[in-house]
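**Q** Protein chains in written order, with the numbering used here: chain A, 1429 to 1752; chain B, 1429 to 1752.
Just so it is clear, CB atoms sit at the ideal spot from N, CA and C, and this is done for glycine as well.
This is the structure, below, for whatever I ask next.
2 protein chains.
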Amino acid sequence: MSNSLEEWAERIFARDRRAMARAISAVESGEAGGIELLKLLFPKSGSAYVVGVTGSPGVGKSTLVEKLAAEYRAVGTTVGIVAVDPTSPFTGGAILGDRIRMQAVAVDEGVYIRSMATRGHLGGLAPAVQDVVTILDAAGCQVILVETVGVGQDEVEIARHADVTVLLLAPGMGDDVQTFKAGVLEIADVFVVNKADRPGADRVEQEVTAMLGLSERREGWNPPVLKTVATTGAGIAALREALDRFRAFGEQDLRRLLRRREQWRTCLMELLRQRLLEKALDALDEGALNARVEDILAQRRDPHTAAEELLSTFMSGKGKLAGK
Amino acid sequence: MSNSLEEWAERIFARDRRAMARAISAVESGEAGGIELLKLLFPKSGSAYVVGVTGSPGVGKSTLVEKLAAEYRAVGTTVGIVAVDPTSPFTGGAILGDRIRMQAVAVDEGVYIRSMATRGHLGGLAPAVQDVVTILDAAGCQVILVETVGVGQDEVEIARHADVTVLLLAPGMGDDVQTFKAGVLEIADVFVVNKADRPGADRVEQEVTAMLGLSERREGWNPPVLKTVATTGAGIAALREALDRFRAFGEQDLRRLLRRREQWRTCLMELLRQRLLEKALDALDEGALNARVEDILAQRRDPHTAAEELLSTFMSGKGKLAGK
């Protein structure tokens, strides 16, 4: 087993697509083998530039990600794409035409695309995304584009875990200003007004610029506000240049290190939480859990007391909890 | 302290708004007193009808919630509103005009409105929302409207925890079909096409109806597809009637009990996870955690190994972990 794990890792270092796909599936489904594999991959990771792309449904994230991938390919960079966006054509949330279009990048050997389910991750989505990024990174993807929907707590967390966070906006979405209020403004390093050929694009750009003027200056980096038309590719090269500038900026001093430190700290806490729950669930028997649920339903016990009781039995190390 | 806790609970049963506000703040900030209070409130809860209202930003959730609250007030029902939507005017994510408009319901003594932060809840958002619902329920709110953004894992979970889930759509949002793909279709009991006076409303209605025809029939309940214009109030009375019908339907047989059993089970697991993490964090010293983060940054250790090590030290009951 340990021998075959090492072979598996070697095949990933050699960018074998089937080995990569199998690794991601193993990690997603929480197989023990997947985690052991990650331990072998981790020392070879850490050099990819992770670009988080977030925004509301309908602003054109997937199209922009596709064009940005092609732009990186044009300068010889290998690209990984992780779509954790339930509305993305990569994850299946799109009409057929979009998916066919995506195949233009999908058939390029220098691009690896992977979608992830946004539900059912016991320990939250962010650590699962981190694991997939580690696999793509170890497989030599030089840039990894992570596409998420920018509404919802988990999704914002994922965007925050990237080396650079791009917030995509579009005119006529009706929720631009509202999105800012949700705190996304503070986490974006680069702003992009997509669909810039449509009426209202200038207004969106002005609003963003005005809001940036009001917000606290971030030491040394003024988040640029770019315009793109992802469908035609207009502005994509300038976006790549801005991302390169941010990367160079981040490598000054200890900035990137500080950011990664915070990210790994959050990731470690999340993993710890996940493992603890797994341990507790292993120790709980179904009967004990069900009995507590019936108590709550009958209002004999409140949920907090029930949780405390289950926990204290677990912590006292009695192993399997009694049925009642 | 126990005496004052009981007084506090009594004031909540008497619908004292300041006592309610203080309880919600205590619960939100995780004060120990808040949880003790919940234990006193819980036996008096359980009779409210919890209505989850979800949908993309911009479909008009807050306006609909406001009008629905007024509709319930018109038939003498007391209403609680919980906004866990970062784009809601209730939570502060709206332009001034919206907020002023909201004051029409806000000044009614029979309506209690509370917004919740969507971030920073250690144990996830869903149990925190459940706690706020318990407080409003114990205070005698007969109907509790929970407004969430229908994108993102946590938000969908919250909608699922209601007695009835309303999915709001609107023409011209561009993401209607995509939203369905994300699995929201399966959890909605009532569909509402808002902004029904705009072009495209009929098409949205037809799409939903067609999709419902394709999906598996739910035993005994065909989710209705209603049309509203929340700004004028058109269709709101019919929505309330549909909600009443669903409530009566749910009380047939054991349906409501089965649904609540599943909800409490999920809630209990989530609380258990939260408490476990708190315990682990108490036991961890900062030095140990920081040392592991530095190991990961230097790639001396992968995050999974680091989490396992922290966990096994915690489980072995050594209390405070050593600094390295």
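1. In chain B, which residues lie less than 7 angstroms from W1692 (chain A) when you measure between Cβ atoms?
2. Given a threshold of 16 other Cβ atoms within 10 Å of its Cβ, counted over all protein chains shown, does L1700 (chain B) qualify as buried or as exposed?
3. Taking R1688 (chain A) and L1725 (chain B) to be in contact with their CB atoms under 8 angstroms, please state how far apart those CB atoms are, rounded to whole angstroms.
4. Could you list the residues in the stretch 1474-1486 of chain A with a C-beta less than 8 angstroms from some C-beta on chain B, going in chain order?
5. Below 8 angstroms, can you find three or more Cβ-Cβ pairs linking the stretch 1656-1664 of chain A to the stretch 1463-1482 of chain A?
6. Please classify T1637 (chain B) as buried or exposed, where buried requires at least 16 neighbouring CB atoms within 10 angstroms.
7. Measure the Cβ-Cβ separation of F1619 (chain A) and L1595 (chain A) and say whether it is below 8 angstroms.
8. Closest to R1439 (chain B) by C-alpha separation, out of B:G1568, B:R1542, B:G1628, B:L1686, would be which residue?
9. Check E1459 (chain A) in the structure and name its three-state DSSP category.
10. Within 8 angstroms (strictly less), CB to CB, does I1463 (chain B) reach chain E?
11. Comparing the C-beta of L1642 (chain A) with each C-beta of chain B, is any distance below 8 angstroms?
12. Consult DSSP for V1507 (chain A) and reduce its assignment to one of helix, strand or coil.
13. I'd like to know if Q1680 (chain A) contacts chain B, where contact means its C-beta is closer than 8 angstroms to some C-beta of that chain.
14. If you draw a straight line from the C-alpha of R1729 (chain A) to the C-alpha of I1563 (chain B), how long is it?
15. Output, in chain order, the set of chain A residues within a Cβ distance shorter than 7 angstroms of A1735 (chain B).
16. Give a yes or no on whether 8 angstroms exceeds the smallest Cβ distance from P1471 (chain B) to chain A.
17. Determine the contact status of D1617 (chain A) and V1653 (chain A), defining contact as a CB-CB distance below 8 angstroms.
18. Going along chain B, which residues have a C-beta under 8 angstroms from M1743 (chain A)?
19. Are I1509 (chain A) and A1498 (chain A) closer than 8 angstroms when you measure CB to CB?
20. Quick check on the burial criterion: 16 or more other C-beta atoms within 10 angstroms. Buried or exposed for G1678 (chain A)?
21. For A1742 (chain A), which residues from the same chain have a beta carbon less than 6 angstroms from its beta carbon, with the 5 sequence-adjacent residues on both sides left out?
22. Using a Cβ-Cβ distance under 8 angstroms, would R1687 (chain B) count as near chain A?
23. So, does the CB of L1671 (chain B) fall closer than 8 angstroms to a CB anywhere in chain A?
24. In the structure shown, what three-state DSSP assignment does L1682 (chain A) receive?
25. Considering only the alpha carbon of each residue, which of A:G1628, A:K1623, A:M1697, A:W1436 lies closest to P1555 (chain A)?
26. In chain B, which residues lie with their C-beta within 7 angstroms of the C-beta of L1595 (chain A)?
27. Taking DSSP's pairing of strands, which residues face A1662 (chain B) in a bridge?
28. Give the residues of chain A in contact with K1467 (chain B), contact being defined as C-beta atoms less than 7 angstroms apart.
29. Which of the three DSSP states, helix, strand or coil, is assigned to V1481 (chain B)?
30. For E1575 (chain A) versus V1481 (chain A), is the C-beta distance shorter than 8 angstroms?
31. Could you check the C-alpha separation between V1561 (chain A) and R1445 (chain A) for me, to the nearest Å?
32. In angstroms, rounded to a whole number, what distance separates the CA positions of L1597 (chain A) and Q1558 (chain A)?
33. What do you get for L1524 (chain B), buried or exposed, if any count of 16 or more other CB atoms within 10 angstroms of its CB means buried?
34. Expressed to the nearest angstrom, what Euclidean distance is found between the alpha-carbon atoms of E1494 (chain B) and M1448 (chain B)?
35. Within 10 angstroms of its Cβ, does V1503 (chain B) collect 16 or more other Cβ (buried), or is it exposed?
**A** Reading from the atomic positions:
1. V1721, I1724, L1725, P1731
2. buried
3. 6 angstroms
4. G1474, S1484, P1485, G1486
5. no
6. exposed
7. yes
8. B:G1568
9. coil
10. No chain E is present in this structure, whose protein chains are A and B.
11. no
12. strand
13. no
14. 16 angstroms
15. L1696, L1699, L1700, R1703
16. yes
17. no
18. K1707
19. no
20. buried
21. Going by the sequence as given, residue 1742 (chain A) is Phe instead of Ala. Contacts found: A1708, A1711.
22. no
23. no
24. coil
25. A:M1697
26. Simply none; closest approach about 14 angstroms.
27. B:V1657
28. D1730, H1732, T1733
29. strand
30. yes
31. 15 angstroms
32. 25 angstroms
33. For L1524 (chain B), the predicted model reports a pLDDT of 47, less than 50, meaning its position is unreliable and no value from the coordinates is stated.
34. 20 angstroms
35. exposed
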